[in-house]
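Take a look at the structure below.
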Amino acid sequence: MELELQWDGNPNIVLDVKTIVGVGLPVQVKNIGFTGVFRIIFKPLVDEFPCFGAVCYSLREKKNLDFTLKVVGGDVSAIPGISDTLEATIRDAIEDSITWPVRKIIPILPGDYSYLELKPVGILEVKLIQAKELSNKDIIGKSDPFAKLFVRPLRDRMKSSKTISNSTNPIWNEHFGFVVEDESTQHLTIRIYDDEGIQAAELIGCAQVALKDLEPGKVKDVWLKLVKDLEIQRDQKNRGQVHLELLYCPYGTESAFMNPDDPDFRLTMLEKVLNHGSDGIDKTDPIKSRKDPIVRGVLSMTVISAEDLPSTDLMGKSDPFVEIILKKSEQKNRTRVLNDTLNPIWNQTFDFVIEDGLHELLILEVWDHDTFGKNKLGKCIMTLTRIILEGEVMDSFPLDGAESGRLNLHLKWTPQPIMRD
Numbered sequence: 007m008e009l010e011l012q013w014d015g016n017p018n019i020v021l022d023v024k025t026i027v028g029v030g031l032p033v034q035v036k037n038i039g040f041t042g043v044f045r046i047i048f049k050p051l052v053d054e055f056p057c058f059g060a061v062c063y064s065l066r067e068k069k070n071l072d073f074t075l076k077v078v079g080g081d082v083s084a085i086p087g088i089s090d091t092l093e094a095t096i097r098d099a100i101e102d103s104i105t106w107p108v109r110k111i112i113p114i115l116p117g118d119y120s121y122l123e124l125k126p127v128g129i130l131e132v133k134l135i136q137a138k139e140l141s142n143k144d145i146i147g148k149s150d151p152f153a154k155l156f157v158r159p160l161r162d163r164m165k166s167s168k169t170i171s172n173s174t175n176p177i178w179n180e181h182f183g184f185v186v187e188d189e190s191t192q193h194l195t196i197r198i199y200d201d202e203g204i205q206a207a208e209l210i211g212c213a214q215v216a217l218k219d220l221e222p223g224k225v226k227d228v229w230l231k232l233v234k235d236l237e238i239q240r241d242q243k244n245r246g247q248v249h250l251e252l253l254y255c256p257y258g259t260e261s262a263f264m265n266p267d268d269p270d271f272r273l274t275m276l277e278k279v280l281n282h283g284s285d286g287i288d289k290t291d292p293i294k295s296r297k298d299p300i301v302r303g304v305l306s307m308t309v310i311s312a313e314d315l316p317s318t319d320l321m322g323k324s325d326p327f328v329e330i331i332l333k334k335s336e337q338k339n340r341t342r343v344l345n346d347t348l349n350p351i352w353n354q355t356f357d358f359v360i361e362d363g364l365h366e367l368l369i370l371e372v373w374d375h376d377t378f379g380k381n382k383l384g385k386c387i388m389t390l391t392r393i394i395l396e397g398e399v400m401d402s403f404p405l406d407g408a409e410s411g412r413l414n415l416h417l418k419w420t421p422q423p424i425m426r427d
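Residue numbers (my numbering): 7 to 427.
Shown next, in the form of structure tokens:
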């Protein structure tokens with residue numbers, strides 16, 4: 007059951023704080039006030055009175071936590087930086103020790119209740135690909151967005167992306183891994199901020215994915231709409247979208263995906279797009295113990311055609327061509343220019359040697375050729391995950407940044423997997 011509790015007290019807690027110069031400071035914590043929603047679990051149920059063997063309690067929602075700090079014999083605020091650092095450290099320590107899914111176990115009847123303790127059950131792999139149409143927070147220029155991602159809302163469990171300067175359509179292509187303790191109740195939360203330099207970063211928007219909605223061992227490609235507040239869904243302002251690839255890998259399960267060219271080849275915990283095996287993973291620190299694979303191969307791409315491109319010429323036509331960019335390896339190529347058409351047919355094939363397919367990003371930009379320059383008609387951005395997974399893909403991809411238009415592609419992956427020593 008869940009219930010809201012309020013506790014106020016004035017305990018005598020004295021901390022021995024060591025400074026960087028080695029001097030100890032006795033710091034007193036007093037006037038503690040706490041309000042939150044707790045989850046109480048009575049487990050296991052038994053025949054003997056009181057009919058349960060233990061009680062587990064955990065904080066589901068923190069509403070308020072206040073306390074005061076005082077240096078014994080002095081004023082903590084007189085020491086620059088000490089007060090804020092201590093307060094943040096104490097808050098993190100309290101929340102980390104009782105916030106769900108962490109739970110405290112109180113034995114009621116004699117017995118072994120170690121199975122009730124919190125244990126990691128899997129790894130969530132997240133690829134932060136890009137965002138688009140972010141609301142601009144800067145008066146001059148554009149926002150400098152970066153992302154924070156977390157499963158448990160604790161500072162040492164949060165992951166941050168790099169900052170993309172002056173862009174409302176940032177491309178990150180970064181990978182993060184998170185330990186999962188309870189996939190039935192936990193969520194992945196992502197917050198996009200505008201980096202303000204020495205000032206506090208300003209929130210652009212946030213989004214959330216319930217882990218229970220992810221099929222274990224299957225990659226999920228999602229665009230998430232950003233909102234101002236996850237608790238209040240009445241916000242209708244367009245704050246942009248964020249593009250993620252998600253993969254939840256429970257320990258001890260096998261993914262349905264195999265490498266069709268080498269069914270015995272297994273990837274470890276980086277992406278698991280081809281196959282999943284948890285052997286050799288240190289569950290005490292599974293993120294650090296992962297061995298990142300190199301997926302090497304040849305990407306053969308046929309740019310077949312485009313449809314319904316926007317017109318840029320006075321006669322209602324365009325002179326389109328496609329620029330192909332592989333972001334990580336910095337490879338580039340382009341199709342020929344086709345004049346006076348909104349439905350060009352190229353049927354041109356390009357081959358690229360890819361040294362690290364799981365971290366590569368494919369960008370295709372459609373341009374209108376002019377005598378004195380070029381105008382962008384639209385673009386599409388994709389990882390190679392689906393292509394590596396399926397081996398061959400023929401599909402039509404909508405153009406971002408354009409009112410209309412699609413790009414028809416045939417993509418084939420020929421793998422040559424090599425593992426790092």
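All C-beta atoms in this analysis are idealised placements derived from N, C-alpha and C, irrespective of residue type, glycine included.
Based on the DSSP secondary-structure assignment, which residues constitute the bridge partners of Arg197?
Answer by DSSP bridge pairing, in chain order: Lys154 and Cys212.
Extent of the continuous alpha helix (DSSP H) run through Arg392:
Secondary structure note for Arg392: its alpha helix (DSSP H) is the uninterrupted segment Thr391 to Glu396.
Supposed close pair Gly211, Gly246 - CB separation, criterion 8 angstroms:
Yes, Gly211 and Gly246 are in contact; Cβ-Cβ is about 6 angstroms, under 8 angstroms.
Can you tell which of Pro159, Leu75, Asp325 and Leu115 has its C-alpha closest to the C-alpha of Ser103?
Selected option, being the one with the closest Cα: Pro159.
Residue range of the unbroken beta strand (DSSP E) whose run includes Ile310:
First-last of the beta strand (DSSP E) with Ile310: Gly303 to Glu313.
Would you kindly report the start and end of the unbroken beta strand (DSSP E) that includes Ile129?
For Ile129, the uninterrupted beta strand (DSSP E) segment begins and ends at Gly128 to Lys138.
Are at least three pairs of beta-carbons, each pair with one atom in the stretch 310-325 and one in the stretch 342-352, less than 8 angstroms apart?
Inter-segment contact for the stretch 310-325 and the stretch 342-352 is present: three or more beta-carbon pairs are separated by less than 8 angstroms.
Pick from Arg66, Asn414 and Cys57 that is closest to Lys385, judged by C-alpha positions
Measuring from the Cα of Lys385, the nearest candidate turns out to be Asn414.
Between Ser317 and Ser324, which are expected to be in contact by the criterion C-beta below 8 angstroms, what is the C-beta distance as a whole number of angstroms?
Separation of the CB atoms of Ser317 and Ser324 is rounded to 6 angstroms, and the pair is thereby assigned contact status at 8 angstroms.
Distance check for Glu329 and Asn345, CA to CA, integer angstroms please.
Their Cα atoms are separated by approximately 16 angstroms.
Using the Cα positions of Asn353 and Pro107, report the straight-line distance between them to the nearest angstrom.
It is roughly 54 angstroms from the alpha-carbon of Asn353 to the alpha-carbon of Pro107.
Relative to the C-alpha of Thr91, which candidate in Trp13, Val225 and Val23 has its C-alpha closest?
When each option's Cα is compared against that of Thr91, the closest is Val23.
Between Asn179 and Arg392, what straight-line distance do the alpha-carbon atoms span, to the nearest angstrom?
Cα to Cα, Asn179 sits roughly 15 angstroms from Arg392.
Helix, strand or coil for Ala94, going by three-state DSSP, please let me know.
Secondary structure at Ala94: helix, using DSSP grouped into helix, strand and coil.
Three-way DSSP call (helix, strand, coil) for Lys333 in this model
DSSP, reduced to helix, strand and coil, places Lys333 outside both helices and strands of the structure shown, so it counts as coil.
Can you tell me which of the three DSSP states Arg66 falls into?
Correct three-state label for Arg66: strand.
The beta strand (DSSP E) spanning Leu370 covers which residue range?
Where Leu370 is concerned, the enclosing beta strand (DSSP E) stretches over Leu367 to Asp376.
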